[in-house]
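The structure appears right after this line, and notes come after that.
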Ligand code: BG6
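Numbering (the numbering used here), first residue to last: 681 to 1164.
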């Protein structure tokens, strides 16, 4: 069953960029669902703040439309939606000027948690932080939430950290990586640290390799201009895949506590080796089936930006020396499928003659879809006639295990926003962690830019470029099939 809902303290949450896409798709529908679950105290307020000249009623209409579009129909109770909208207000604000700030101040109430969600371009972070202070809207207990991209390289991430640090302490800054809010990602920590079963084997001595796959079927249409300046390395690997890698590779923290967890993740990032050029494969999806390819979607016929990347990484520490981590992510692939697969080594000696039937143990953690876990085990093939081996999955699908409650698993954003209100930073990135991840990614990107490498084309609906297969074949290993 889904954990009890623990109500948070009353809050005033200001969403800068409240009329934007992320607010409409994720933040506001997520808040509505938390309201429905009884987690949002009645005297909490949500205030949209954006450039658009709207009043409270106009913004409420917009939020109502967002709920109608992005919340499942069976959760749209008229009376509940109306009660939720009653808690919503709007202030038209000039992020770079003076307009609206005093009105916003007038809306804030004493003795409630104040949180400010910067769902805006990073170029505005500094302006917002400065004005929140100058107008006396933020205080030492206020929190700010910032979205990715957190910089596009180490220098810009440092600059962003510096600008935020002028007005807020690190304990007030919540840098979102929504992958950390995914239920199975948190479960990864529970599986590792709440069971004795895996931890003794969790090291290079017993683990052959790790595969992390985040495959998507969507292309970059509609956001090609942004994406073309970013690419899969900046958009997915530096943050989401890096976080997954950290949770698999980190040492047990002494406590499930924000700094203890983040200290351990930071050590992993710092222990990552530079990635060799031959261990990187970049791809770009081609057109096909009446659909445009990457270059059409990015409107850049000469684009060298990758919509797919596969890399082999090594972690230089005692636990992991010699166990490669293979990472891959891409757009327009065969299926939407994200998983982490941990492949164990062979037993030291086989007592059975049936070597053919033998396969490695693999622990597969499925992030999406069908969240759950699979442990691939060897058993005896049933029936008479000698000892033949076969591999079967010990399958734990969360939907089966949780039954009807599975539908109530909160979306990543719901969980993370409530953590902000609670003042719990465990699932948010610390400034030094983000900088370390860029310090690792920067030379990789500079390497291919300096060499003028072009990504290899791949067919839409495929598993990515041919060379990515070779990255594994060369090592006598294979990627797992991408299937939804
Ligand atoms: C975002 C990336 O951070 O994550 C997108 O910018 C990507 O390019 C998305 O599509 C994937 O998130 P999810 O939750 O759908 O796996």
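Backbone N, C-alpha and C define an ideal beta-carbon position, used for all residues, glycine too.
Bear in mind the structure is a predicted one, so any value in this text is a computation, not a measurement.
Three-state secondary structure (DSSP) at residue i?
i	result
residue 859	helix
residue 754	helix
residue 1108	coil
residue 1019	strand
residue 783	helix
residue 726	strand
residue 794	strand
residue 735	coil
residue 1147	helix
residue 805	helix
residue 1137	strand
residue 761	helix
residue 747	helix
residue 1125	helix
residue 853	strand
residue 1114	helix
residue 1103	coil
residue 1008	strand
residue 771	strand
If you compare alpha carbons, which of the options is closest to residue i?
i	options	result
residue 1111	938, 1059, 764	938
residue 990	891, 901, 973	891
residue 1131	1019, 960, 1072, 1008	960
residue 772	764, 784, 766, 763	784
residue 721	711, 781, 688, 703	688
residue 911	850, 889, 776, 833	833
residue 818	792, 841, 842, 837	792
residue 1059	1046, 1140, 1129, 1039	1039
residue 1101	739, 794, 743	794
residue 1143	1025, 1070, 922, 1162	1162
residue 749	1042, 703, 738	703
residue 740	712, 1007, 1037, 754	712
residue 715	686, 1152, 922, 848	686
residue 1125	1010, 915, 1156, 1051	915
residue 732	775, 723, 753, 726	775
residue 969	694, 1139, 705	1139
residue 993	908, 952, 787	952
residue 1152	1094, 1007, 877	1007
residue 845	806, 893, 1148	806
residue 974	880, 909, 1028	909
residue 1099	1121, 699, 710	710
residue 907	788, 956, 979	979
CB residue i to CB residue j, shorter than 8 Å?
i	j	result
residue 958	residue 967	no
residue 948	residue 995	yes
residue 927	residue 869	yes
residue 696	residue 797	yes
residue 1014	residue 1141	yes
residue 856	residue 826	yes
residue 971	residue 1117	no
residue 1031	residue 887	no
residue 1097	residue 707	yes
residue 861	residue 1092	yes
residue 738	residue 765	no
residue 815	residue 782	yes
residue 1074	residue 1047	no
residue 932	residue 873	yes
residue 847	residue 810	yes
residue 964	residue 1135	yes
residue 1011	residue 898	yes
residue 884	residue 758	no
residue 1052	residue 1018	no
residue 921	residue 864	no
residue 1041	residue 1067	no
residue 1115	residue 838	yes
residue 799	residue 700	yes
residue 779	residue 727	no
residue 729	residue 698	yes
residue 1049	residue 1164	yes
Taking Cβ positions only, does residue i come closer than 8 Å to chain C?
i	result
residue 813	No chain C is part of this structure, which consists of one protein chain only.
Continuous beta strand (DSSP E) assignments of at least 3 residues falling wholly in the region 949–993: 960–965, 988–993
Taking the runs of the beta strand (DSSP E) that are 3 residues or longer, which of them lie wholly in the region 1033–1099? The region 1033–1099 contains these whole beta strand (DSSP E) runs: 1042–1048, 1052–1060, 1069–1077.
So within the region 809–845, which uninterrupted beta strand (DSSP E) runs reach at least 3 residues, ignoring any that extend past its ends? 823–826
Jot down the residue ranges of each uninterrupted beta strand (DSSP E) in the region 856–933, minimum 3 residues, whole runs only, in chain order. 887–895
Whole runs of the alpha helix (DSSP H) within the region 692–722, excluding any shorter than 4 residues: Within the region 692–722, the runs of alpha helix (DSSP H) at least 4 residues long that lie entirely inside it are, in chain order, 708–716.
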